[in-house]
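Report on the structure given below.
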Amino acid sequence: MMLRRSRGCPRKLWSIFMGLLCGFFLATWLRLRVVPTMGTCYDQEVNDFGMEIRTQKPPDTGKSFIFVGVMTAKMYLSTRAAAVNRTWARTIPGKVSFFSSADSNSSSLGLPLVSLPGVDDSYPPQKKSFMMLKYMHDNYIDKYEWFMRADDDVFIRSNKLESFLRSVNSTRSLFIGQAGLGNQDDFGKLFLNHGENFCMGGPGMIFSRDTLRRIVPNISYCLKNLYSTHEDVEVGRCVRKFAGVDCTWSYEMQQLFYHKYFVKDAFIGNIHTSEVHQAVTLHPIKNIPYFYRMHSYLESQKIADLQLKTLRTLREIREMNQLLKIPTIDQKKESVELGLNPDLMRFVPSSHNDVIMWDFFTKYMYSWQSDNPRAGLSKNLQAAMDSTVMQIMEMINMNALSRGRTIDFQEILYGYQRLNPQLGVDYVLDLLLLYRRHKGKKRNVPVRRHAYLHQSFGKIEFQEEIEEKPVLKLPSNKMRTPKPLVKFRNAAADKGAQWNTLSRYSKHTIHFVLPLAGRFETFKRFMENIERACLITKEDVKLVIVLFKTANNDQSLEIVKLIAVYQQKYPHTELRIVNAVGEFSRGLALELGASQFPGDALMFFVDVDMYFTAGFLNRCRQNTKQGQQVYYPEVFSQFEPKVVYPRKRSTSNIIINKESGIIRSYGFGIVCAYNGDVSHVGGMDASIVGWGMEDVDLYNKFIKSNITVFRAPDVGLVHIYHEILCDPNLDPKQYQMCLGSRASIYGSASQLSDILQKSKHQNNGNTKR
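Per the working numbering, residue 916 is the first one in the sequence shown, and the count goes up by one each step.
What follows is the structure, encoded as structure tokens:
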């Protein structure tokens, strides 16, 4: 019999060791499970120093995150409440319900409405507010993590609201919003002790589950003990008494829960501001169209953010490809170009002519492209600068609060910009900033910084515009849409059918008013233009010529004979002459010509030097609205042919480019307006004699009236070059305007510069000889 050594003792020790180890892991797991995890975003622990720390969990992607109750009234269900339901309410990560009086009904509107029993729409709405909180608690206290009380005139940015609340421990008793103490009229009347506050109701109040659970059982007490007429003050008092918390006291909350104190000016102007971009809620928006405007703007910002995210992703892909040495041959060229990092030196010119010039600006723009050395900043540039500066300041202040300082923008001292149509826009900006230090020793210091920026263009988008085709109206009143437009036009002419172009402007007759004194050869060219653009094509026009006799070489008889020829050739078109007496006055001529037509006549004040196309006639009709709008086209004015074509004879063709002429943005003599509108603003000043000023006078009258002045460059109008003679005996203001107009149409800045350079070289050569 063999004896073996007992091994029971080591086995018992091993079992005890394993039991202790399993017990340790089990206890640790149970300890971590103490904090409720339903719908929360953080686990809670205590570190070695006794401080509470939070570890972030993956965000809850479900829809049970927040319940938003919108307080409204029966009279606002079809307006404010409907606007909320159609905009931000659809993107809330949870549920939105509207709370109104007991007799409210929204069956025809499709609103998720809760009619609170025993509640009316009287103001102040203390009972409505407390009953809404009770409804949230009784029906949803275990289904949602956060609860929000909102007005029907507040705009909530759902994505920013969720991002903000995900960063907060919802298991604590919290009352979040913009803290208020009341205005000057309320001081001493709200019965607030020192250090007490309340969350302002307009921008919204947010309750954690624990806060709502604590106050709702005591709502009856809060309703019986009201100290003021302010509903938000009483809710805050109830929260403080039974939940033991005040509204979040933080400067940042004024930006997140943004309240515009001047209600009349709230969000009706520029909304591309840092206040709108930083805010979680925006209050108040009383005007319903502006509510939808805010929604459209913020949705467009989401698109812009996605486009920026796409660009950054392409840049990261490109960087990784370079690190991994992956060739980009198989990738799309567009993606490779979009993935290039911002760089001011990306474009390398191949020759001197390819160099892109910089434009300099301060409060004015100094551009090499403009013939005017100094011009005001355009609205487009101002909007671009505002957007650029806002992005710069967001990047600078990204971690400002954690560092205890902020940097505020003051102004752009000066800057440079250039545009590359293929790559983007480059900026060099000299910024004046204000450094504000909040931690430690507070101080404000002005600083200057240079910003070197490149704004890349995104993907090119093509948009196809479908042109509306004319509709053929047959005698049988049946409507048919023609396929080949030209064939149907011929058929319509043969059958005597009438055309309806689907435009309410097509029937309006254009009444030409032409002041004239002599200049027979120029008038012949004008009538040839009339014949080609109007008479042959049977345009619905009428022409009245206000004719002045000249003292020397009077050509009135030749003009009358020429009109007689056209009247005989085109008997169905009204062409007539009105004789004027005295010295030539364009204002008097236009006033006299306009008096020949009724108040609802569409007038076209024109000069004999103008060349126009049939396309302009359509724009004259479309851009002029009786009692509402007048059309001041910016015409293309030709330069001196000897300057444009120094080595050859000038061409008779009309060429429109920056070397052959200029868009005359300062000219106001050519206008399309209804006769009644001209009379309504005061008509033409017939007392102005000689060159100019009468057009500026009429333009200023329209500017001061309620009629809209529509201006736009129109290449269908060309001012044929002619020499301008300025009489020194004119009024000094008229004489200076005449000289300025003559100088502007002599040649472009580059052409005049070349002439000056050549003249200088020739003079130097003669001096040496």
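Glycine included, every Cβ here is placed at the ideal spot set by N, Cα and C. Owing to the predicted nature of the structure, the values given are computational and were not obtained by experimental measurement.
| request: For His1369, name the three-state secondary structure that DSSP assigns. | output: The residue you call residue 1369 lines up with position 454 of the sequence shown. In this structure, His1369 counts as strand in the three-state DSSP scheme.
Practice prompt. In the DSSP assignment, find the beta strand (DSSP E) that holds Ala1432 and state where it starts and stops.
Written response: Walking along the sequence shown from the start, residue 1432 turns up at place 517. Taken as a continuous stretch (DSSP letters only), the beta strand (DSSP E) holding Ala1432 covers Ile1425 to Ala1432.
### Task
Select from Ser1371, Ala1094, Phe1499 and Arg1626 the residue whose C-alpha is nearest the C-alpha of Arg1230.
Here residue 1230 refers to the residue found at position 315 when the sequence shown is read from its first residue. Nearest of Ser1371, Ala1094, Phe1499 and Arg1626 to Arg1230, Cα basis: Ser1371.
So, is Lys1043 buried or exposed, given that buried needs 16 or more other C-beta atoms within 10 angstroms?
-> In the sequence shown, the residue the question calls residue 1043 occupies position 128. Buried.
Indicate the three-state DSSP secondary structure (helix, strand or coil) for Asp1469 in the structure shown.
Stepping through the sequence shown from its first residue, residue 1469 is reached at position 554. Here Asp1469 sits in coil by DSSP.
Exercise. Taking DSSP as the reference, what is the three-state secondary structure of Glu1376?
Worked result: Walking along the sequence shown from the start, residue 1376 turns up at place 461. Three-state result, Glu1376: coil.
Which of helix, strand or coil DSSP assigns to Asp1341: In the sequence shown, the residue the question calls residue 1341 occupies position 426. Note: Asp1341 maps to strand in three-state DSSP.
Exercise. Quick one: measure Cβ to Cβ for Trp1273 and Tyr1331, integer angstroms, because I've assumed they're closer than 8 Å.
Key: Here residue 1273 refers to the residue found at position 358 when the sequence shown is read from its first residue. Here residue 1331 refers to the residue found at position 416 when the sequence shown is read from its first residue. At roughly 4 Å, the Cβ-Cβ gap stays under 8 Å, so Trp1273 and Tyr1331 are in contact.
When the Cα atoms are used, what is the spatial distance from Val868 to Ser1123? Missing from the structure shown is residue 868; the chain here goes from 916 to 1684 and no further.
The beta strand (DSSP E) with Gly1117 in it runs from where to where?
On the sequence shown, position 202 is the one that residue 1117 refers to. No beta strand (DSSP E) holds Gly1117; DSSP gives it neither H nor E.
What are the boundary residues of the beta strand (DSSP E) that includes Ser1552? Position 637 of the sequence shown, counted from the start, is the residue given in the question as residue 1552. From DSSP, the beta strand (DSSP E) with Ser1552 extends over Gln1544 to Gln1553.
Exercise for the section: Give every residue of the same chain whose Cβ lies closer than 7 Å to the Cβ of Arg1087, excluding the five residues on either side of it in the sequence, and list them in chain order. Expected result: The residue you call residue 1087 lines up with position 172 of the sequence shown. Answer for Arg1087: Ser1123 and Asp1125, listed in chain order.
**Study point:** Validate contact between the segment 1347-1354 and the segment 1275-1295 using beta carbons, cut 8 Å, 3 pairs
**Key:** Flag = no, the segment 1347-1354 and the segment 1275-1295 do not touch.
Alpha carbons only, please: which of Met1442, Met1209, Asn1533 and Trp1164 is nearest the one belonging to Pro1460?
Taking the first residue of the sequence shown as 1, we reach residue 1460 at position 545. What sits at residue 1460 in the sequence shown is Ile, not Pro. Ranking the options by Cα distance to Ile1460, first place goes to Met1442.
- Task: Mind checking which residues open and close the alpha helix (DSSP H) that includes Cys1587?
- Result: The sequence position of residue 1587 within the sequence shown is 672, counting from 1. Segment Val1586 to Tyr1589 is the beta strand (DSSP E) holding Cys1587; no alpha helix (DSSP H) there.
**Spatially closest choice to Asp1669 from Ile1322, Glu1574 and Ala997, by CA coordinates** = Taking the sequence shown and counting its residues from 1, one reaches residue 1669 at position 754. For the residues Ile1322, Glu1574 and Ala997, the minimum Cα distance to Asp1669 belongs to Glu1574.
_Cutting at 6 Å between CB atoms, please list the residues of its own chain near Ile1130, excluding the five before and the five after it._
Mapped onto the sequence shown, residue 1130 falls at position 215. Cys1153, Val1154, Phe1157 and Ala1158, listed in sequence order.
Quiz prompt | Helix, strand or coil at Gln1222 [DSSP, three-state] | solution = Taking the sequence shown and counting its residues from 1, one reaches residue 1222 at position 307. Helix, per DSSP.
Practice item. Have a look at Asp1180, Val1633, Val1263 and Leu1096 and flag the residue whose alpha-carbon is nearest the alpha-carbon of Gly1530. Key: Sequence index remark: in the sequence shown, residue 1530 carries index 615 (1-based). Among Asp1180, Val1633, Val1263 and Leu1096, the Cα nearest to that of Gly1530 belongs to Val1633.
Requested in this report: Below 8 Å on the Cβ atoms is my guess for Ile1203 versus Ala998; work out the distance and round it to an integer in Å.
Outcome: As a first step, residue 1203 must be located in the sequence shown, where it is residue number 288. As a first step, residue 998 must be located in the sequence shown, where it is residue number 83. The beta carbons of Ile1203 and Ala998 sit about 5 Å from each other, so the pair counts as a contact at 8 Å.
- Give the DSSP-derived three-state secondary structure of Ala1094 in the structure shown. Translated into the one-based positions of the sequence shown, residue 1094 becomes position 179. Strand, per DSSP.
Use the C-beta contact count for Val1270: other C-beta atoms within 10 angstroms, 16 or more gives buried, fewer gives exposed. Start at 1 with the first residue of the sequence shown, and residue 1270 comes out as number 355. Under this definition Val1270 is an exposed residue.
inquiry  = Just verifying my parser: in three-state terms, what is the DSSP assignment at Lys1673?
reply    = What you label residue 1673 is simply residue 758 of the sequence shown in a count that begins at 1. Helix, per DSSP.
### Message
Let's test the definition: count the other Cβ atoms within 10 Å of the Cβ of Lys1457 and tell me whether it reaches 16, buried, or not, exposed.
### Response
Position 542 of the sequence shown, counted from the start, is the residue given in the question as residue 1457. Classification of Lys1457: buried, given that the 10 Å Cβ count is 16 or more.
| Pick from Asp1515, Gly1514, Phe1520 and Pro1513 that is closest to Cys1504, judged by C-alpha positions | Mapped onto the sequence shown, residue 1504 falls at position 589. Note on identity: in this sequence residue 1504 is Ala, with Cys being the wrong assignment. Checking every option, the nearest Cα to that of Ala1504 belongs to Phe1520.
So for Lys1354, helix, strand or coil by DSSP? On the sequence shown, position 439 is the one that residue 1354 refers to. Lys1354: coil per DSSP, three-state reduction.
ask   = Hey, how far is the Cα of Ser1073 from the Cα of Lys1540?
value = As a first step, residue 1073 must be located in the sequence shown, where it is residue number 158. As a first step, residue 1540 must be located in the sequence shown, where it is residue number 625. For Ser1073 and Lys1540, the distance between alpha carbons rounds to 42 Å.
* Looking at the unbroken beta strand (DSSP E) that takes in Val1596, where does it start and where does it end? -> On the sequence shown, residue 1596 is found 681 positions in, with the first residue counted as 1. Unbroken run through Val1596: none, as it is neither H nor E.
Problem set entry | 8 Å contact criterion, which His1210 and Thr1002 should meet: CB distance rounded | To locate residue 1210, count along the sequence shown from 1; it is residue 295. To locate residue 1002, count along the sequence shown from 1; it is residue 87. With 8 Å as the limit, His1210 and Thr1002 qualify as a contact, their Cβ atoms being about 4 Å apart.
- Task: Given a cut-off of 8 Å, decide if Pro1039 and His1198 are closer than it, judged by their beta-carbon atoms.
- Result: Indexing the sequence shown from 1 puts residue 1198 at position 283. Indexing the sequence shown from 1 puts residue 1039 at position 124. In this structure, His1198 sits away from Pro1039, with a CB-CB distance that is not shorter than 8 Å.
Report task. Consult DSSP for Tyr1166 and reduce its assignment to one of helix, strand or coil. Result -> One-based indexing of the sequence shown puts residue 1166 at position 251. Secondary structure at Tyr1166: coil, using DSSP grouped into helix, strand and coil.
**Asked** In three-state DSSP terms, what is Leu1347?
**Response** Working through the sequence shown from its first residue, we reach residue 1347 at position 432. DSSP, read as helix, strand or coil, puts Leu1347 in strand.
Open item on the list: By the three-class DSSP mapping on this structure, what secondary structure does Thr1623 have?
Closed with: Within the sequence shown, residue 1623 is the residue found at index 708, counting from 1. Here Thr1623 carries a strand assignment [DSSP, helix/strand/coil].
*In the DSSP assignment, find the unbroken beta strand (DSSP E) run with Gly1576 in it and report its ends.*
Walking along the sequence shown from the start, residue 1576 turns up at place 661. For Gly1576, the enclosing beta strand (DSSP E) starts and ends at Gly1576 to Ile1578.
- Message: Distance check for His1595 and Asn1185, CA to CA, integer angstroms please.
- Response: Residue 1185 sits at position 270 when you count from the first residue of the sequence shown. Residue 1595 sits at position 680 when you count from the first residue of the sequence shown. A direct Cα-Cα distance of roughly 33 Å separates Asn1185 from His1595.
>> Using 8 Å for Cβ pairs, my map puts Ile1121 next to Met1063. What's the rounded Cβ distance?
In response: By one-based count along the sequence shown, residue 1121 stands at place 206. By one-based count along the sequence shown, residue 1063 stands at place 148. Going by Cβ atoms, the distance from Ile1121 to Met1063 rounds to 5 Å, so yes, they are a contact pair.
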